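Going line by line, the protein sequences match chains A, B, C and D.
Residues 391 to 571 in our numbering are what the first sequence spells out, letter by letter.
Residues 404 to 902 in our numbering are what the second sequence spells out, letter by letter.
Residues 5 to 613 in our numbering are what the third sequence spells out, letter by letter.
Residues -11 to 290 in our numbering are what the fourth sequence spells out, letter by letter.
Here a beta-carbon is modelled for each residue, glycine too, at the ideal position from N, C-alpha and C.
On a predicted model such as this, the values are computed, not experimentally measured, just so you know.
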Amino acid sequence: MVNDKESRKIVDIIQDFARKSSLFVLAYGTGCGAIEIPPTMTSRYDAERFGIRGAATPRQADVLLITGYLATKSLKRVIRAYEQMQNPKYIIGFGSCTINGGMYWDSYNTINRLDMYMPVDVYINGCMPRPEAVIAGFAKLQKLIQAGKADGWERYQNNLEFYRKNQKKIIHNWVMPDYNW
Amino acid sequence: MVVANPILYVALPLLVAFLLPLFGKIHKELIRVVPGLLFMFLIFNTVVLFSEVTSTGKPIITQIAGWAPPIGINLVFSAFSGFIAGIISIMGLLVWVYSYKFKKVEFDNSLKYFVLIMLVTAGSIGVVLTGDIFNLFVFLEIVALSSYPLVAFYRGRDGAEASFKYLIVGAFASIAILLGIVLIYSQLGTLNMAEISLRIGEMPEKIKITAFILLFLGFGIEAEMFPLNGWAPDAYSQAPGPVGAVFASMTAKAGIYTIIRLVFTLFDIDAGYQLLLGMGIITLVVSEGIALRQEKLKRMLAFSSLGQMGLLMIAFGINTKAAVVAGMFILFNHAVIKSLLFFSGSYLVYNSENKNIKDLFGFGKKLPLTAFLFGLGAFAIVGLPPLSGFWAKLSLLMASADSNLIALIALILIVSVVEIVYYFRVVNGLYFKKYTGEFEPHKPSWNASLVMLILAAVIVTVGLYPDLIYNYFVNAADALMDKANYIQNVLPSNFVGLN
Amino acid sequence: MSNLVIILAIFGWAILTYLAFKINKTLGNVFVGVLALALPAYFFTYTPSDYTVSVMGMSLQFGFTSFASLFAMLVVVLSSFALLYSIPYMNKKDRLGWFYMNFMFSVGGMMGILMSKDLVSLFIFWEIMTWSSYLIVIYQGKKVNKVGLKYMIFSAIGAYAMLMAIVLINKWSGNVNIEQFFASFPNYSSAAKLLSSLLLLTGFGVKSALMPLHVWAPGAYTKSPMSYTAVFSGALSKMGIYGMALVAVNLYVHSNMPIMGEVIAWAGAITAVLATFWAIFQNDIRKLLAYSSIGQLGYIAVGLGIGTELSVFAGLYLAILHGLFKGVLWMVVGAIEHRTGKTDFRDISGLIKKMPFTFFVALVAIIALAGMPPLSGFVGKWMLYESMITSNHFIMVLFIFLSSTAAFLYCFHFLYGLFLGQQEDEFLKDVKEVPVLMMIPMGLISLSLIAFGTFPGLIFKPIAQAMSTLGFENVTWRMSSLTNAWGNSMFLKPANFMFMAVFVFFLIIITVVNHKKTKKVGTKDIANGGEPIRDEDNLHYSVDIYRPFYRVISPIMKYKVETFYKRISKGIEEFFQFFRRIYSGNGQTYALYVVIFLTALLILSSTIF
Amino acid sequence: MDIGRFLLTSITTTALAFVVGMFYAGFRRKITARVQNRVGPPVYQNFIDVVKLWSKKSNITHGVMQHLAPLWQIATSITTLMFIPILVDSTFFVNLTFKGDLIFLLYLMVVGSLGMALGAGEGGNPNSAIGVTRGLTQMIGFEIPWVMALVALMIQHQTTTIVGLMDVQQASGTWLMFSSPFAFLAALLAMPGMFRYSPFDIVGAPAELASGPISEFGGKYLGTLMTNGSIFAFVKLVLYVDIFMGGATNLVLLVVKTFVLYMFPVLWGLVSPRFRTEQSVRFFWGWPLFFGLLGILQAAFL
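Dropping the structure here:
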């Protein structure tokens, strides 16, 4: 996939517009940040305005939200969920914890940098990020998608060995099936 | 006719019975061979006489010692009595073949056995053939007296007990019959059945009925009618294997013959038919019901046999020609099928102490032929086509339908379902229950197998083509139903005179 | 060549086959194969001629009516397929000669029933069919007393009811000829009409497993080898339908007793509903299909009971069709049993991976069973519904609709539980597709099911001929359209072709688009909250899957007819136990009986004589 | 039949159904949002969703049945559409209107669900199987009153075709929903079940079953399913309108009538919590069944 805007065909532009305007979110409530999802989705902030809605299973989802700290135990599940999602797929790191560990930076059972393990497209800073910030993050993601630059899923494919190495450092009893695309 | 004569039926077996010990002195094997020869001759006798009866259409009447009836004693070989006599002699031969090796090592026992069998044969055929009521009584006594030791043959406690019960009840039968005969003789002054039949109207009503009741009771005991058949299950189950078949195919036939003669020929009481029918129904239901609850094979077969006797009484109690034909058919079937069941059944429980049904579980694989033949017999007796039992049942049902006895049809069919239940339980057990290993299967000897195969062949053949013997039944029924003809043939002069 | 020869030839061949298996298994199989091929070859080429045998003063007549030959066609086709199928299926079992002999006996029995023109020979062949099927039911030796004896008892009750009817008919009509019975039936008194027809119905109802008399069916269908059950449930139970059609149509419809037809129809409707409910909750495939068979026979009874032209036509069509698709389904079960040795939903899953052909034929048969367009089952369902609606059976139509909607539940359960769902490598390791000889029968019947879906006229012709025997002359039929009594029509070709066209169009689209990036993944790779599933985790959800529905209808399901029968039989046994005490084994008692009997007779002599 | 003309009309009909159905789904989301005091997505949001799903770059399938599952659905929907008169006495939208009748439609309409059930089953996801069993159970529930309503109409007017029923309404000038109110009530109450809208949405409850039967479907499969959903919704609505509301003489009227009818399950769904499976079956076998019976009695005896 070529990333410069000039060479893109009209079909790609339409498709990217559709991808941007219809984001199905697999809200994986890993950490305390998950509490900010309900106000984002419900009447006060109403993310559905922007075509953002929940999806029940990874098969249907486009966006994986990592809501806050990621315990080593849930990392495995998150990776699994991500790998089951279908391309193109995006990850939004949510809150400080996903950037550098946040208040859990020295905890024995959380990971500090999410992008060592998974390809993050957009980070939303804050502890907690308020719904406004969340929506701003989504807007940023939408811009990236429209520009064809939200290529986390490609990075994951291309650098799978790097991610696997880091993942296996954390997850000792590795029983995951192979990532097959 | 020199060679074949009805008298030989009675005389020869009696003679052989008495001479058998002497034969035994000459050569041990003779006690086995001679009865067989005798039976073969009896069958020959039957064939010859029967062909004559069929060709002339008249019964053969033999006068003993040259005295003409009603004074003299006579034997009447009609299509009816001759048919039963034929069945008895053929079954006798088969029993003989079956039990040829019976107790071969114990000379005394086998001698006893064959003598008794001879006596039973003589008595049974005598009962069937005689035209004289007192002689009938005498022959019945011969049957009874030879049956007692057969029941107690094994000299065990149970056998003796069964025999004793038989004896007690048999004594009642003797008394009742004798009293009845005395009553008749005192009123009519004759013992000839034809003449009694002719002049029964002369008897005062009360005495006639009393005599009828007494004879009915006595003959009912011999015919295994409920509730007079308490002796029968014990006797059947305690007697040696082949004797069960003897009882079913010979003595029971004699017993039912007496009661048929009583109702059909001797007396002119219409209620007699209904009484016979009613008692038949009760016998059928009670016996088959009890057979359902039996745990011992032979007792089950015995009760089933009683049920068949009930069926016979029903058939003759209906008193139409079709019903009597059906009755003859059932009589034939009962002899053949029940013998097959007794023959094969006794091999199945050969080594078992208590002869329990559960002792023969799994024998289907151990004794394939015997088990198969038992199964075939079971299929036949419950009336599954294309075996012979079906045609008998069908003709009985059609006869009852013709007489508007719809409830009776339903009853018979319900009882047939009960029959299916208990027979199929045994057959299922034979083939599909696990072999306990407690009892060694005993292989039937070749002669026993032969007999069973012959019986099975008869069952199948008659089932496939009932017309083969159907005409005999019709003729027999004709002979039985036509009372006037009977009287005319026995007493030509009197009958004409009366008219 | 006379008709009787066919039957005798089959019986003779049965015995020869038995002997052949005694010599050599291969030889025996050859014998089986020869019959399987010769039977249809002979049946479809010969010209029937009547034959009369005289037995015991009754004349037994043999010959085909066109109605009987419709059913004979089903019997011949299904039996020859089932015999072919048996050869590989039964290969590893023992006592094959016995099995095939009884198999052929029952085939001969069925042919005999259809050839009989009088009631006695019908009864004889009926009983031959009954005991030979009984011998096969107990052939595997499982639960012989519980299942086999139950089958035999019910069959006997039915058969004896029939026998009673036959002897009564013989009395009332003067002979046992079937046609003359129908001719003289209107002259019967009303009690005689009721009695004779009800008894006949009981007889036929047992074999066709109508509701209060169905108790034997689940066990018997389950316990016989599947290759025989295909015939048992497909063709043998149709003998009951055959008789019922004769009774319902010839006696009730044409003799102005429609109320009895209603009784049959209602019995059928209730059977259809309850049996379907029971089928839904089964966890054994064979039980499921057995109950389903009972339910399907209920539809047929409804069609025959209503007795209009369309409904009888629908009933006959469904009867033939049920024989075909249930034949396939039992063969499918047999195939699964053959390859996996299991028949319980607990043990089986994901067979589509290893047995795709079997899955395909099962799918076809199930769609036909469920009555879905575009396959043949729908044609029958359509005619049945239309006939009910046009004849104002509006409550009954709801029962039937409830039943056929509920049937979707077990249809799904069947396909999903066996073929779909989680694929367990451990379980599927040794499974492979069935041998070709088993595929051929299943495949051919499935093809016919597909063909009849669009061109039911292929089979309408013999049905229309059969209808003329039943007194519906000149039934009009068309190759691929249906019409009801109000003149509303259903055109199958446009409907089915439209469906297929759209299907294929979208199939192309969905396959072509993004084809390279469409991956096939295993069933362990499922979205389950991110937890990877290990090989030993079995997430197959196929046992007790309809609990919510059970909670809804549990008030009905509490009552089982079987309990009622159990109570009756227990009562009877206890009653006879009482009798048994009469024989105390004591000589004095017996003597007492004699005295009592004598006294009673003497006392009662004045009243008796 | 002229095949070219048929192709034209059928494709037009399908396109119409697709567009209208999509907008209805959009309106439903919009209305839902407004009721929940939200702005909600644009009404064309569903088009975007479908386009997005079709433009997914990878797809997974568990096997051939799952691959075929959406096809059963969509083939069913479009075939059903062909058999339903879109407009009264229209010379254009004839399609296959005169080739089938209501019994056929009743059966045809469930083919899709069963094909879908098989596809969902092959996915091997227990959630799908649970969803399917619930869906099938619920189907038994709502089909009965629905069929009762149809039977009542059929026996009253002695016809089994939709065209026949529409002719009856044309001739009498009265809609069947007024002349057969009980049948209409029964059918109306069965409607939310048919749409699987709340309170009968336990089949695919997202929080409970992870969207049930479709939980293994993504990308183009889900896109096909959504397309089908909109067409099928239109099919059902037009069927109701044709049968009970006299059909429509032009497209505007058709849209108005179907939209009004559509509001019933939508609005009811908005204010209802979710029924458990057995509760929903009991619901359908309660009042709707009673109304259906009344309808049949009315048809049979009045």
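Check each candidate in B:LEU543, B:SER749, B:VAL830 and name the one with the smallest Cα separation from GLU625 of chain B. The residue you call residue 625 of chain B lines up with position 222 of the second sequence. Among B:LEU543, B:SER749, B:VAL830, the Cα nearest to that of GLU625 of chain B belongs to B:LEU543.
Given that GLU438 of chain A touches chain D, what residues does it touch there, using C-beta distances under 7 Å? Residue 438 of chain A sits at position 48 when you count from the first residue of the first sequence. Result: ALA21, ARG26, GLY28, PRO29.
Under the three-state DSSP convention, the category TYR225 of chain C falls into: In the third sequence, residue 225 of chain C corresponds to position 221, counting from 1. Three-state result, TYR225 of chain C: helix.
Can you round the beta-carbon distance between GLY109 of chain D and LEU56 of chain D to whole angstroms, since I take them to be within the 8 Å contact cut? Here the question's residue 109 of chain D lines up with position 121 in the fourth sequence. Here the question's residue 56 of chain D lines up with position 68 in the fourth sequence. No, GLY109 of chain D and LEU56 of chain D are not in contact; Cβ-Cβ is about 12 Å, not under 8 Å.
Near THR67 of chain D, what residues of its chain come up, given a Cβ to Cβ distance below 7 Å and the 5 sequence neighbours on each side ignored? Counted from its first residue, the fourth sequence places residue 67 of chain D at position 79. For THR67 of chain D, where only same-chain residues beyond five positions count, the Cβ hits under 7 Å are LEU96.
Chain D contact for PRO567 of chain A (CB, 7 Å cutoff): Start at 1 with the first residue of the first sequence, and residue 567 of chain A comes out as number 177. No, because no Cβ of chain D sits closer than 7 Å to the Cβ of PRO567 of chain A.
Reference ASP671 of chain B; option with closest CA among B:ASN722, B:SER798, B:LEU548: Locating residue 671 of chain B in the second sequence gives position 268, where the first residue counts as 1. Ranking B:ASN722, B:SER798, B:LEU548 by Cα distance to ASP671 of chain B puts B:ASN722 first.
Residue from C:TRP135, C:LYS96, C:LYS97 whose Cα sits closest to the Cα of GLY112 of chain C: By 1-based counting over the third sequence, the position of residue 112 of chain C is 108. Among C:TRP135, C:LYS96, C:LYS97, the Cα nearest to that of GLY112 of chain C is on C:TRP135.
Helix, strand or coil for ILE514 of chain A? Go by DSSP, reduced to three states. Within the first sequence, numbered from 1, the residue matching residue 514 of chain A stands at position 124. In the structure shown, ILE514 of chain A sits in a strand (DSSP, three-state: E or B).
Beta-carbon within less than 7 Å of VAL392 of chain A's beta-carbon, same chain only, minus the 5 sequence neighbours each way: which residues are those? The residue given as residue 392 of chain A occupies position 2 in the first sequence. Confidence is the limiting factor: at VAL392 of chain A the pLDDT is only 47, short of 50, which leaves the residue's position unreliable, though a coordinate-based value still follows. Contacts found: none.
Here's a check: name, in chain order, each residue in its chain whose Cβ is nearer than 6 Å to the Cβ of ALA604 of chain C, leaving out the five neighbours to either side. To locate residue 604 of chain C, count along the third sequence from 1; it is residue 600. None.
Pull out every residue of the region 517 to 539 of chain A whose Cβ sits closer than 8 Å to any Cβ of chain D, in chain order. none
Contact check, SER492 of chain B vs PRO645 of chain B, beta carbons under 7 Å: As a position in the second sequence, residue 492 of chain B is number 89, starting the count at 1. As a position in the second sequence, residue 645 of chain B is number 242, starting the count at 1. Cβ atoms of SER492 of chain B and PRO645 of chain B: not closer than 7 Å.
Mind checking if ASN181 of chain C is an interface residue toward chain B, Cβ cutoff 7 Å exclusive? Start at 1 with the first residue of the third sequence, and residue 181 of chain C comes out as number 177. Not closer than 7 Å to any Cβ of chain B, the Cβ of ASN181 of chain C fails to qualify, so no.
Chain-order list of residues whose beta-carbon lies under 7 Å from that of ILE600 of chain B (same chain, five-residue window excluded): Taking the second sequence and counting its residues from 1, one reaches residue 600 of chain B at position 197. Per the sequence presented here, residue 600 of chain B reads as Ser, with Ile not at that position. Closer than 7 Å at the Cβ level, and outside the excluded window around SER600 of chain B, lie THR668, LEU669, LYS886, ILE890.
Once the 5 residues before and after PHE580 of chain C are set aside, which same chain residues still bring their CB inside 8 Å of it? Locating residue 580 of chain C in the third sequence gives position 576, where the first residue counts as 1. None.
In chain A, which residues lie less than 8 Å from PHE205 of chain D when you measure between Cβ atoms? Taking the first residue of the fourth sequence as 1, we reach residue 205 of chain D at position 217. Residues of chain A passing the Cβ test: ARG449, GLN450.
Would you check if there are 3 or more beta carbon pairs closer than 8 Å linking the region 675 to 682 of chain B to the region 729 to 747 of chain B? no
Looking at the structure shown, is GLY207 of chain D part of a helix, part of a strand, or coil, going by DSSP? Here residue 207 of chain D is taken as the residue at index 219 of the fourth sequence, counted from 1. Correct three-state label for GLY207 of chain D: helix.
Tell me, please, whether the CB atom of LEU568 of chain B is closer than 7 Å to any CB atom in chain C? Position 165 of the second sequence, counted from the start, is the residue given in the question as residue 568 of chain B. According to the sequence as given, residue 568 of chain B is Lys; it is not Leu. Answer yes: the Cβ-Cβ gap between LYS568 of chain B and chain C drops below 7 Å somewhere.
Beta-bridge pairing of LEU455 of chain A - partner residues as DSSP gives them: Locating residue 455 of chain A in the first sequence gives position 65, where the first residue counts as 1. Paired residue(s): A:ALA417, A:ILE482.
Tell me, please, whether the CB atom of MET391 of chain A is closer than 7 Å to any CB atom in chain C? Position 1 of the first sequence, counted from the start, is the residue given in the question as residue 391 of chain A. Its pLDDT being 45, under 50, MET391 of chain A is placed unreliably by the model, and nothing is read from it.
Helix, strand or coil for ILE521 of chain C? Go by DSSP, reduced to three states. As a first step, residue 521 of chain C is located in the third sequence; it is residue number 517 there, counting from the start. Residue identity check: residue 521 of chain C is Lys in the sequence provided, not Ile. The answer is coil: DSSP assigns LYS521 of chain C none of H, G, I, E or B.
CB contact check: GLN33 of chain D to chain A, cutoff 7 Å: Stepping through the fourth sequence from its first residue, residue 33 of chain D is reached at position 45. Judged by the 7 Å Cβ criterion, GLN33 of chain D is in contact with chain A.
Please give me, in chain order, every unbroken run of the alpha helix (DSSP H) with length at least 4 that falls completely inside the region 112 to 136 of chain D. none
Pick out whichever of C:LYS211, C:PHE553, C:THR527 has its Cα sitting closest to the Cα of PHE158 of chain C. As a working note, residue 158 of chain C is residue 154 in the third sequence. Selected option, being the one with the closest Cα: C:LYS211.
Answer yes or no: do PRO498 of chain C and LYS87 of chain D have a C-beta to C-beta separation smaller than 7 Å? Within the third sequence, numbered from 1, the residue matching residue 498 of chain C stands at position 494. Within the fourth sequence, numbered from 1, the residue matching residue 87 of chain D stands at position 99. Going by C-beta atoms, PRO498 of chain C is nearer than 7 Å to LYS87 of chain D.
At a Cβ threshold of 7 Å, is ASN556 of chain A touching chain D? Here residue 556 of chain A refers to the residue found at position 166 when the first sequence is read from its first residue. Not an interface residue.
Any beta carbon of chain A sitting closer than 7 Å to that of VAL516 of chain C? Translated into the one-based positions of the third sequence, residue 516 of chain C becomes position 512. So, not an interface residue.
Would you list, in chain order, the members of the region 463 to 493 of chain A that have their beta-carbon closer than 7 Å to a beta-carbon of chain C? ARG467, VAL468, ARG470, ALA471, GLN474
From the beta carbon of GLY354 of chain C, is the nearest beta carbon of chain A less than 7 Å away? Position 350 of the third sequence holds residue 354 of chain C. Not one chain A Cβ lies under 7 Å of GLY354 of chain C.
How would you call VAL440 of chain C, buried or exposed, if buried means at least 16 neighbouring beta carbons within 10 angstroms? Numbered from 1 along the third sequence, position 436 holds the residue referred to as residue 440 of chain C. VAL440 of chain C comes out exposed.
Same chain only: Cβ atoms within 7 Å of PHE15 of chain D, ignoring 5 sequence neighbours per side: Indexing the fourth sequence from 1 puts residue 15 of chain D at position 27. Same-chain partners within the cutoff: VAL31.
Check for me: the alpha helix (DSSP H) holding GLY575 of chain C runs from which residue to which? As a position in the third sequence, residue 575 of chain C is number 571, starting the count at 1. First-last of the alpha helix (DSSP H) with GLY575 of chain C: 565 to 584.
Less than 6 Å between C-beta atoms, sequence neighbours within five positions excluded: which residues of the same chain meet that for MET404 of chain B? Position 1 of the second sequence, counted from the start, is the residue given in the question as residue 404 of chain B. Its pLDDT being 45, under 50, MET404 of chain B is placed unreliably by the model, and the measurement read from it follows with that caveat. Hits under 6 Å: none found.
Where DSSP assigns a beta bridge to ARG443 of chain A, which residues make up the other side? For the purposes of this step, residue 443 of chain A is taken as the residue at position 53 of the first sequence. ARG443 of chain A pairs with A:PHE414.
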